[in-house]
Amino acid sequence: MPTSPYEFLDLVVIGAGPGGLAGAVTAADLGKRCVLLDGGHSTGGQYYRHPAPGLGAARPDRLHHGWSVYTGLAERLAEHERAGRVEFRGGHHVWALERTDEGFTVHATRGPDAGDRVAVRARAVLLATGAYERQLPFPGWTLPGVVTAGGAQAMLKSGLVLPGQRIVVAGSGPLLLAAASSLVTAGARVPAVVEATGYLAYARRPHVVAAVPAKLVEGAGHGTALLRHRVRPRLRSAVVEAHGTDRVTGVTVARLDADWRPKPGTERRIDCDAIAVGHGLLPQIDLATELGADTLAGPDGAVALAVDAGMRTSVPGLWSAGETNGVGGADLAIAEGELAAHDLAGAEPKRSLRRRRARLRAFADLMAAAHRPGPGWTGWLRPDTDVCRCEEVPVAKVREAVEELGAGDPRTVKLLTRAGMGWCQGRMCGPAVACLSAGSGSAASESGAGVGAAGPDRRPFGCPVPLSQLAAGEPDA
Amino acid sequence: MVGAGVVGAACAYYAARAGLAVAVVDRGPVSGGTTGAGEGNLLVSDKEPGPELDLALLSTRLWRDLAEQLGPEAEYEPKGGLVVAATEAGQDALRTFAAEQGHAGVTAEEVPGERLRELEPHLAPGLAGGFHYPQDAQVQPALAAAHLLREARRLGAVLITGEAVTSVERGPDGAVRGVRTAHRELLAPAVVNAAGTWGGELAALAGVHLPVLPRRGFVLVTEPLPRIVRHKVYAADYVADVASGSAALQTSAVVEGTPGGPVLIGASRERVGFDRTMSQEVLRRLAGQAAALFPVLEDVTVMRFYRGFRPYLPDHLPAIGEDPRVPGLYHACGHEGAGIGLAPATGLLISEQLAGKRPELDLAPFRPDRFREAA
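Residue numbers (my numbering), protein chains in the order written: chain A, 557 to 1033; chain B, 2 to 376.
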């Protein structure tokens, strides 16, 4: 396949995780020429993350659920690459999609220091950019030793290292059990898994759970591993403070009421040298929202792209698969990648594929609803707790903007406090700022959830861009 | 006051200070329109002698007082402007312009090419020269508006956000009686149109023609940097671009540092309606022109950009004052790219008119009925 910047393709797939991989190989099965772009240097994304080469990991599959599914997709990709139908290009960070008369120009930086600028042109784009972690701040969350649950897993999968020896796992969502089970299997001690909800929502809709038996097996697998190591989840509880000066030395855990408000008098201290915290994932949809794609708020309050049955977004020529349509895991992403490929190739998918996607999506929605943060979580914040760690904006500053300066939405809070203007561009503090900006009496606070106003974060660039590359213009211009 | 941007905020502040009972209503949040997308320029340097410069000079004085009143939170910085010319011919043009401005009360000091780097150590070598304007200053516009509104509220003003004005109520004699939103009626003998780029829509609700049009601009925001740009620095062609009426894309480098660390890079002007689509061409030109002025910027990272729509009137002057066509309707909009700078003067003049005093500047050039409706 030619690799000059002048080529014109049927499809660019952005993100080589499960959804993007499945989309690319299925599109190639159906005769489409495509390029698969990813920021990483191998396919697999966050879910099928590889050990760094050189570590000599003999059995990466032991850290992964469904490794054989991945190797199957990777083999199909390799076959299509040999035949010149697909090309995987790693190390590409896409910063913008531009609509053109023929379709799209995908703008990316490339290379170890983001040294080159690349533009790839195609008739259609499949967005499979996955998700990032939702974080809810608590006093002490900026101490060394506090990592995200996903970050702990990523460290394990790519570097085979542990964030500590005695690790408290806390937050909410299925990722907690998966993370805890990986950590104990890798030799860490996990003195507590602290889950904010009671898992009751699952029991209320047993038919949705029963429709996806694989999820039960997966859950049971984590549960068994944890039982073997005598780790029992502490339900309806949260880490309300991390202690330590140079590093985490312990946490305070408190029981929560149904709205996630900490119950006074229930605090208990647990010693640890690391904390892995996760509150689920948020769709990474900046590239699409910049083009004005329609969005909707999922059952967990997270804003995702609105797609039709063929995974088509409201932007002509733009499809989306996996977490960008609402977080639901690898199996769902694969089903959606396959559906998107069929739709954009004008091919009719098997009815079983549609049914499978519907079942998995229903389970994802149930899961999202079960772990939706309650409005009372802000009860564990203190005025001096940093909400935005990049710009060091404390809770008191955000509250002042809302109560004294008339800000009632995240954008205005950002303008008035700089929360969200730093390196992460609000990916870390976004949910917390959204929640704190929904001051009393505003429309957003009436939704009753601890997730703030519904509405997409807007980030004009998908990632930072070297100024010299902007100045250089398009490579073949 | 319809509009909670910087102009509405300044009108509310001065009117409340004059003892009037004031409500500010906006369909969005505080600073949600063009104010939140501005750089916060308080400039005299880019204005030729005339009514706009008079407004700017009055505002320069008022901003100094306001900075003391509002405290450090508004991030007022009297940092001065530096206009640079690449060629001798450009420098000659700047000299002529500065001399005319001098008669109107503007202070401008010529800086020969070899001394430019004393003011801005990172400027590109080889520039012909420039002019230093010590009266130029900057505020963080969203904060400035929010703090003006906070002061206005302390003086008794009421702030209502998230409610669009759906009609302007008029009595049998045609005079304004107030406005209506989906949730309430606000009765008042005076309504001030401070709706910025959307001022034409509000004027239409009151039954009058005011041709405010959007003129789009982009600003690039770099990663946080140490203070490598000290003044507001721009290239000589910026003045021509500001004064131009062309619909076509114009870009000229405007570079400045901020207390928060990021460097802001403008300025582009184009008339494309309210189209928000990112333009690769605009990004290319802004980045290229900034790097030409400050080569050190070539190695920095751009974190984001923002875009806004300047409220543009065909003769580049704002509409300020009572509308002779509708008694009780006042306009305070159409400031194009100078709204942050001109806000205090606008607010003061409006409040003087509202209180029945003679405004301290002649409002005739800003008459809102000066535009003929297209047939």
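Every residue, glycine too, gets a C-beta built ideally from N, C-alpha and C.
Residue i and residue j closer than 8 Å at C-beta
i: B/A107; j: B/G130; result: This sequence places Val at residue 107 of chain B; Ala is not what is there. Not in contact: B/V107 and B/G130 (Cβ atoms no closer than 8 Å).
i: B/P328; j: B/G179; result: no
i: A/G576; j: A/G893; result: yes
i: B/L149; j: B/Y14; result: yes
i: A/G573; j: A/A889; result: yes
i: B/C334; j: B/A189; result: no
i: A/L895; j: A/R917; result: no
i: A/T801; j: A/H927; result: no
i: A/V833; j: A/G727; result: yes
i: B/R217; j: A/L1026; result: no
i: B/T35; j: B/P312; result: yes
i: A/V749; j: A/L732; result: yes
i: A/V568; j: A/V662; result: yes
i: B/A344; j: B/A11; result: yes
i: A/G701; j: A/I831; result: yes
i: B/Q281; j: A/E1030; result: yes
Spatial distance of residue i from residue j (CA atoms)
i: B/A241; j: B/K48; result: 10 Å
i: A/L739; j: A/P730; result: 15 Å
i: A/H648; j: A/L593; result: 6 Å
i: B/P369; j: B/G309; result: 23 Å
i: B/P243; j: B/G51; result: First, the amino acid is wrong: residue 243 of chain B is Val here, not Pro. In a straight line, the C-alpha of B/V243 is about 15 Å away from that of B/G51.
i: B/P263; j: A/T627; result: 45 Å
i: A/L783; j: A/R722; result: 17 Å
i: A/E658; j: A/T880; result: 24 Å
i: A/D813; j: A/R690; result: 21 Å
i: A/G720; j: A/V951; result: 29 Å
i: A/M977; j: B/Q141; result: 14 Å
i: B/G246; j: A/T582; result: 52 Å
i: A/A742; j: A/L718; result: 8 Å
i: A/T805; j: B/E74; result: 37 Å
i: A/S876; j: B/T252; result: 35 Å
i: A/A849; j: A/L861; result: 7 Å
i: A/S1003; j: A/L937; result: Reliability fails at A/S1003, whose pLDDT of 40 lies under 50, so the model's placement of it is uncertain and no value is given.
i: A/T656; j: A/L843; result: 15 Å
i: A/G571; j: A/A794; result: 33 Å
i: B/L203; j: B/V8; result: 15 Å
i: A/G997; j: B/E110; result: Because A/G997 carries a pLDDT of 39, less than 50, the predicted location of this residue cannot be relied on, and the following value inherits that uncertainty. Cα to Cα, A/G997 sits roughly 53 Å from B/E110.
i: A/A853; j: A/T599; result: 29 Å
i: A/V974; j: A/L692; result: The displayed chain sequence assigns Arg, not Val, to residue 974 of chain A. In a straight line, the C-alpha of A/R974 is about 18 Å away from that of A/L692.
i: B/T259; j: B/L265; result: 7 Å
i: B/R155; j: B/E353; result: 20 Å
i: B/E170; j: B/I321; result: 21 Å
i: B/Q136; j: B/E337; result: 20 Å
i: A/A735; j: A/G777; result: 12 Å
Distance between beta carbons of residue j and residue i, contact taken as under 8 Å
i: A/P839; j: A/V883; result: 7 Å
i: A/E797; j: A/F694; result: 6 Å
i: A/G866; j: A/D899; result: 3 Å
i: B/L56; j: B/A346; result: 5 Å
i: B/G39; j: B/G340; result: 7 Å
i: A/Q602; j: A/A710; result: 7 Å
heavy atom of the ligand FAD below 7 Å from residue i C-beta
i: A/V768; result: Among the components of this structure there are no ligands whatsoever, and the ligand FAD is therefore not found.
Contact set between residue i and chain E, taken where Cβ atoms lie within less than 7 Å
i: A/Q602; result: Included in the structure are the protein chains A and B, with no chain E among them.
Practice problem: Quick one: which residues of the region 866 to 878 of chain A get their C-beta closer than 8 Å to a C-beta of chain B? List them in chain order. | Solution: none
Practice problem: Determine which residues of the region 948 to 973 of chain A have a Cβ less than 8 Å from any Cβ of chain B, and write them out in chain order. | Solution: A957, E960, L961, G962, A963, G964, D965, R967, T968, L971 and L972
Quiz item: Using 8 Å as the Cβ pair cut-off and three pairs as the minimum, do the region 296 to 312 of chain B and the region 211 to 230 of chain B touch?
Solution: yes
Quiz item: Closer than 7 Å, Cβ to any Cβ of chain B: which residues of the region 652 to 676 of chain A, in chain order?
Solution: A652 and E654
Exercise. Please determine if the region 9 to 29 of chain B and the region 272 to 290 of chain B are in contact, where contact requires at least 3 C-beta pairs separated by less than 8 Å.
Key: no
Quiz item: Which residues, in chain order, does the region 18 to 33 of chain B contribute to contact with chain A at a C-beta distance below 7 Å?
Solution: P30, V31, S32 and G33
Self-check item: Validate contact between the region 900 to 908 of chain A and the region 583 to 590 of chain A using beta carbons, cut 8 Å, 3 pairs
Solution: yes
Self-check item: Interface residues of the region 1018 to 1032 of chain A facing chain B [CB-CB below 9 Å]
Solution: P1020, V1021, P1022, L1023, S1024, Q1025, L1026, A1027, A1028, G1029 and E1030
Quiz prompt | Residues in the region 787 to 806 of chain A having any Cβ partner in chain B nearer than 7 Å | solution = none
Quiz item: Taking any Cβ of chain A, which residues in the region 300 to 311 of chain B have a Cβ under 9 Å from it, in chain order?
Solution: D300, V301, T302, V303, M304, R305, F306, Y307 and R308
Practice problem: Report yes or no: do three or more beta-carbon pairs, one from the region 1013 to 1021 of chain A and one from the region 115 to 126 of chain B, lie closer than 8 Å? | Solution: no
Quiz item: Name the residues in the region 186 to 209 of chain B whose C-beta lies less than 9 Å from a C-beta of chain A; which are they?
Solution: none
Quiz item: Is the region 229 to 240 of chain B close to the region 76 to 85 of chain B, with three or more CB pairs under 8 Å?
Solution: yes
Quiz item: Using a Cβ cut-off of 7 Å, which residues of the region 269 to 286 of chain B contact any Cβ in chain A, in chain order?
Solution: M279, Q281, L284 and R285
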